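Okay, so here's the structure we're looking at.
2 protein chains.
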Amino acid sequence: MGISERKKRILAAVIDEYIRTAEPVGSKHLAENAGLGCSSATIRNELAELVALGYLEQPHTSAGRVPTPMGYRMYVNEFMEKQKLSLEESEDLNRRLNQKLQELDDTIGSISRLASQLTDYPALALTAAAPVTVKRVDLIYVDANTFIIVLMLSGNTVKSKLVHLPVSVDQGMVQKLSTLFNSGFTGIPEDQITPLLIHSTERAADDGMGLTSVIAAFIIETLSEAGTPEAFVSGENRLLNQPEFRDPDKAHRLMNYLSGGGYILPPAEGETEADSEIRVVIGPENVAEELKDSSVVIASYDAGDNMKGLIGVVGPTRMDYSMVAAKLRVLAAGLSRRLSSGEAPPEGLHNKLILKQNEDHKS
Amino acid sequence: MGISERKKRILAAVIDEYIRTAEPVGSKHLAENAGLGCSSATIRNELAELVALGYLEQPHTSAGRVPTPMGYRMYVNEFMEKQKLSLEESEDLNRRLNQKLQELDDTIGSISRLASQLTDYPALALTAAAPVTVKRVDLIYVDANTFIIVLMLSGNTVKSKLVHLPVSVDQGMVQKLSTLFNSGFTGIPEDQITPLLIHSTERAADDGMGLTSVIAAFIIETLSEAGTPEAFVSGENRLLNQPEFRDPDKAHRLMNYLSGGGYILPPAEGETEADSEIRVVIGPENVAEELKDSSVVIASYDAGDNMKGLIGVVGPTRMDYSMVAAKLRVLAAGLSRRLSSGEAPPEGLHNKLILKQNEDHKS
DNA sequence: TGTTGGCACTCTCTCTTTGCGAGTGCTAAT
DNA sequence: ATTAGCACTCGCAAAGAGAGAGTGCCAACA
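These protein sequences, in sequence, are chains A and B.
If you want our numbering, it's the 1-based position in the first sequence plus 10.
If you want our numbering, it's the 1-based position in the second sequence plus 10.
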């Protein structure tokens, strides 16, 4: 767009400053601190034009200028890539990511916590949504009334469940069912597990006790759960750090929206994805009413098997886009590296656990 | 204690009213609405004495009265048991509890969410902390580089994990290890799994590839995780509903404390546990500095095997103790019933899942 | 033509003042 | 012992005044 170079520099300076201080930026301040070689009067003229063009606005006559969403958009599209994390920052970040990934519990939840912690904004993480299938079914016979179902899924995760029965089964039946399920239920997506299939399996196993349907139910439940994207929101309370949320009502509304798992998924509009894999949705660009004056930065990570997950950060429109984008980029890249390639983190898991044992002794 | 009956009634009325409105309660208001048969002047006298006794205080001369922690304490100890939930309320509550328990995912997290939702205060749930042991170990051979570890724990939960190896193993080794682990590692608590034990197992299996220690590490990690009480905090944002947290800083401080998993565990002082299993910790009675002007209501539930978990609710000292206590009581009782006795909820799990399958077709 | 200094003007923010009302404590009467 | 009445206190909200920041515009200058 035909904006003079100087206008761009001034716009960028205003936005940087506003992001830092959250206060309208005046011409004098700009002339003194932003190091563009001209006087406040000149800047005033330029500012006036930027207002006319729609990139800035003034809260009231005779206050400083504040960026409009359009201004932020320009900022994000044109000026942002300049910022990169220093090497040591990004190393530190990777270190912390590794640490999180080693804890074998709810990975995605802790990633969202990490993102929130790093950026000091609320963060959310969505697990990859992709059709999952069962790779392998094992049934472990425990006793006449008890067995364990173990499912290995297509993303190489394992789910298991203990089943107590009111009736008793013999080991042979468990064996038979195991074979039948492995041949009939593996490799197919949830929606192909029809009542028909279940019934025919039941007949083939000569199962009069409903065992088959218990197992099938667990498979269906597991597939559906694993295939449903799950959202984790963390650090909602960090909103309160932002001056624009000093109004408790405003903060409350947004927090409610977020902790309700408020869905943020932007319209997958074919933005000119200049910046690889990072999407920025500014204020009114959001579809959700609750987000109309907040911004969202979203990075997608590759979870292997063509699955994409998302990490996002929510903040006021006056959000530190560069910082957030830079950090999310590293985080998403690290996540992708870990998840799509082979498996767990580099090494050390095992050693760490052995060490841990000793630590625990103390407590 | 030697407080006249009327004083008690007045105190209770003040507290009830203050809980409702969050505003200092005046004598006139009390005379008109609280239905004690005397005039405002009389009440004024009584109020003055209650202030002298330390049950009430006035924010400033010539404002209404506000309960002190000591006042709340009296209220909790003496007047509270009166409130019971109506039958239908408690049925509704049980219904919702059942529903939550049926979702097989992180039960304890969703219980905490439920508690928060029901009371409209932040809630937290702690899993039972008790030494857990392994009941049974199964190793499922998948392919030369892959096997699945399945652990059945005391408490009848099952944990599993997929292990990829850089080297290849044969099925015989897996078999052998399975037997060894079942005889050597079952029934013993985490702290008895010594490096010594691991080494001797390793030798017995003639395992030169570190397989043994991978499995042992998983067992240790699992036991330690299952034995460590885990805290889930939900609904921190509901704090903002309370007028006492209109000050964002105050709200922020407490929310931070809470979402840091802030530990709330009250000193297990031998309170005269009149009210079965419900503990109320009022304002300054809390040990944590951050909670000094909040209150906590805690119910403990029985998770079987002598394990106790906690559900708690945090709010301002002006918290609706009766309501919270009543709801938590039902919740904890329901949880205990489900967890300690046998197993899953009454029935219907299976049917529900079959139904679910059809629903999912639509989407 | 683009840039700069100067100046009057506008508007918000903060501090102070003022008046009101709620609620108290005390006293005298029942 | 309870009640009615009354003077008093004190916080709070609305109103007013002053200060300061920043603008827009104009005239001068390169």
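C-beta atoms are modelled at their ideal positions from N, C-alpha and C, and glycine is treated no differently.
What you are looking at is a predicted structure, and each value in this text was computed from that prediction instead of being measured.
Secondary structure of residue i, DSSP reduced to three states
i	result
residue 74/A	coil
residue 14/A	coil
residue 232/A	helix
residue 170/B	strand
residue 329/A	coil
residue 260/A	helix
residue 238/A	coil
residue 96/A	coil
residue 287/B	coil
residue 129/B	helix
residue 67/A	strand
residue 162/A	strand
residue 281/A	Confidence in residue 281/A is poor, its pLDDT being 49 and thus under 50, which makes the residue's placement too unreliable to answer from.
residue 244/B	strand
residue 21/A	helix
residue 31/B	helix
residue 341/A	helix
residue 86/A	helix
residue 334/A	helix
residue 140/B	coil
residue 175/B	coil
residue 216/A	coil
residue 44/B	coil
residue 226/B	helix
residue 135/A	strand
residue 353/B	Confidence at residue 353/B is low in this model, with a pLDDT of 47, below 50, so the placement of that residue should be treated as unreliable; the coordinate-derived value is given next. Note: residue 353/B maps to coil in three-state DSSP.
Within chain A, partners of residue i - CB distance below 9 Å
i	result
residue 192/B	By Cβ distance, chain A contributes nothing, its closest Cβ being about 12 Å from residue 192/B, past 9 Å.
Chain A residues whose Cβ lies nearer than 8 Å to that of residue i
i	result
residue 262/B	247, 250 and 251
residue 266/B	247
Environment of residue i [buried if 16+ CB atoms lie within 10 Å]
i	result
residue 138/B	buried
residue 262/B	buried
residue 98/A	exposed
residue 69/A	exposed
residue 169/A	buried
residue 401/B	In this structure chain B extends from 11 to 373, so residue 401/B is not present and cannot be described.
residue 322/B	buried
residue 164/A	buried
residue 293/A	buried
residue 206/B	exposed
residue 42/B	exposed
residue 10/B	Residue numbering for chain B in the displayed model covers 11 to 373; residue 10/B lies beyond these limits and cannot be assessed.
residue 32/A	exposed
Proximal residues of chain B, C-beta to C-beta of residue i below 9 Å
i	result
residue 158/A	146, 148, 160, 162, 168 and 170
Chain-ordered neighbours of residue i on chain B, where CB pairs are closer than 8 Å
i	result
residue 152/A	146 and 162
residue 256/A	258
Chain B residues whose Cβ lies nearer than 7 Å to that of residue i
i	result
residue 269/A	247
Just to confirm the assignment: which complete beta strand (DSSP E) runs, minimum length 3, are found wholly within the segment 290-322 of chain B? Counting whole runs of 3 or more residues, the segment 290-322 of chain B contains the beta strand (DSSP E) stretches 304-312.
Contained alpha helix (DSSP H) runs [length at least 4] in the segment 180-207 of chain B, N- to C-terminal order: Those alpha helix (DSSP H) runs which fall completely within the segment 180-207 of chain B and span 4+ residues are 181-194.
What residues from the segment 49-77 of chain A come within 9 Å of chain B, judged by C-beta to C-beta, listed N to C?
-> Using a CB distance below 9 Å, no part of the segment 49-77 of chain A faces chain B.
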